[in-house]
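Notes for the one structure printed next.
In the numbering used here, the protein residues as written are 32 to 372.
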């Protein structure tokens with residue numbers, strides 16, 4: 032692409048973790064077009080974490096499952112976006128709704144993934160197949176590579192402000208032993224088949240505290256409140272955190288290590304700057320290679336789901352807790368998170 036665009040729109044209205052992956056696309060866009068205005072369109076569930084991103088000129092929010100659910104809302108949104116006169120659109124979400132939106136946009140360059148409607152939605156395309164490119168970040172960068180060379184993969188990134196950092200400092204000062212190594216736990220996930228299990232996390236915390244003399248934070252979202260009694264009655268020094276997403280990100284940034292399931296908050300921890308994050312994969316496992324020192328641990332057993340699956344509500348083998356996640360041992364995790372001698 033010879034001419035540098037003045038305004039670029041990046042679209043990702045998917046799950047929180049997917050949107051966090053797209054922050055690398057924001058960074059790459061800034062690298063190749065340093066003078067461009069970068070706008071980002073997302074859904075309400077990612078609004079909080081994308082607010083104050085230092086490289087985003089304007090954040091647009093599309094409530095596709097709420098007030099803007101009707102299809103005519105896509106037309107209204109397209110009209111609003113067209114008033115900005117974007118030069119380039121990078122669509123990182125392969126849904127039909129996102130394709131319809133792109134088809135209505137007047138930007139001369141629109142890049143999206145191959146598949147249904149690609150001819151009328153996009154001017155350029157990139158593959159979205161896990162068989163071709165299993166890495167979530169690289170698949171997003173391939174959208175930009177359809178236009179210009181991209182040789183450096185930027186880190187995942189969110190913007191935390193001074194108030195949020197100060198809040199985290201004050202929170203941790205109230206805990207005893209905060210000068211000791213702090214372990215962050217992210218035990219939730221939208222799917223049961225992606226959860227390592229509360230008891231596994233409690234046992235990990237017990238071993239961590241015994242070997243390091245440190246403490247543990249367990250970050251819970253609104254739907255994970257039933258986990259709280261398990262942590263509180265465990266007899267281990269585990270502090271349950273149920274604050275807002277940005278406050279939790281600021282706390283995870285302070286942890287020596289973070290261990291979490293395949294869920295958005297785990298990737299938020301990476302983007303917030305946590306020193307070391309270990310993400311556990313089972314039913315939708317792929318042997319992802321995270322940038323060091325972060326680590327993905329896969330169950331290492333045959334998957335019962337397609338590689339593109341989100342994870343079923345229940346394990347097809349046990350009818351309850353996922354068998355594959357139980358194959359990840361405490362020692363597998365500990366070898367990647369314990370402080371060095």
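We put the CB at the ideal spot given by N, CA and C, even for glycine.
- request: Could you check how far apart the C-beta atoms of residue 59 and residue 172 are, in whole angstroms? I think they sit under 8 angstroms.
  value: 6 angstroms
Query raised in the report: Among 39, 55, 104 and 299, which has the Cα closest to the Cα of residue 170?
Result: 55
Please determine whether the Cβ atom of residue 82 lies at a distance below 6 angstroms from any heavy atom of the ligand ADP. As presented, the structure is devoid of all ligands, the ligand ADP included, so that no description of it is given.
Exercise. Measure the Cβ-Cβ separation of residue 61 and residue 118 and say whether it is below 7 angstroms.
Key: no
Taking all protein chains shown into account, do 16 or more other C-beta atoms lie within 10 angstroms of the C-beta of residue 130, making it buried, or fewer, making it exposed?
buried
For my contact list, residue 289 and residue 305 are in at a C-beta cut-off of 8 angstroms; report their separation, rounded to the angstrom. 5 angstroms
Next item on the list: Rank 115, 157, 94 and 161 by C-alpha distance to the C-alpha of residue 128 and give the top, closest one.
Entry: 94
8 angstroms contact criterion, which residue 311 and residue 359 should meet: CB distance rounded:
6 angstroms
**Prompt:** So what does DSSP say about residue 319, is it helix, strand or coil?
**Reply:** coil
* Asked: For residue 295, which option in 248, 222 and 332 has the closest C-alpha, if you only look at C-alpha atoms?
  -> 222
(Q) Using only the alpha-carbon positions, how far apart do residue 64 and residue 292 sit? (A) 35 angstroms
Local Cβ density within 10 Å of residue 232, reported as buried at 16 or more and exposed below that: buried
* Any idea what DSSP makes of residue 339, helix, strand or coil? -> Reliability fails at residue 339, whose pLDDT of 49 lies under 50, so the model's placement of it is uncertain and the value that follows must be treated cautiously. Coil, per DSSP.
Tell me the rounded alpha-carbon separation between residue 339 and residue 205. Note that residue 339 has pLDDT 49, beneath the 50 cutoff, so the model's placement of it is unreliable and no number is given.
Legend entry - Residues near residue 178 in its chain [Cβ-Cβ closer than 8 angstroms; skip 5 each side]: 32, 119, 140, 142 and 155
_At the level of alpha carbons, what is the spacing between residue 42 and residue 365?_
37 angstroms
(Q) Tell me which residues share the same chain as residue 322 and place their Cβ nearer than 8 angstroms to its Cβ, disregarding the 5 neighbours each side in the sequence. (A) 184 and 186
Three or more C-beta pairs closer than 8 angstroms, one from the stretch 105-117 and one from the stretch 147-161: is that the case here? no
When you compare each of 369, 328 and 257 to residue 357 by their alpha carbons, which one comes out closest? 328
Using the three-state DSSP reduction, which class does residue 182 fall into: helix, strand or coil? coil
Query raised in the report: Below 7 angstroms between beta carbons: does that hold for residue 275 and residue 248?
Result: no
Next item on the list: Following the continuous beta strand (DSSP E) through residue 261, name the residue where it begins and the one where it ends.
Entry: First-last for residue 261: 259-263, but that is the alpha helix (DSSP H), not the beta strand (DSSP E).
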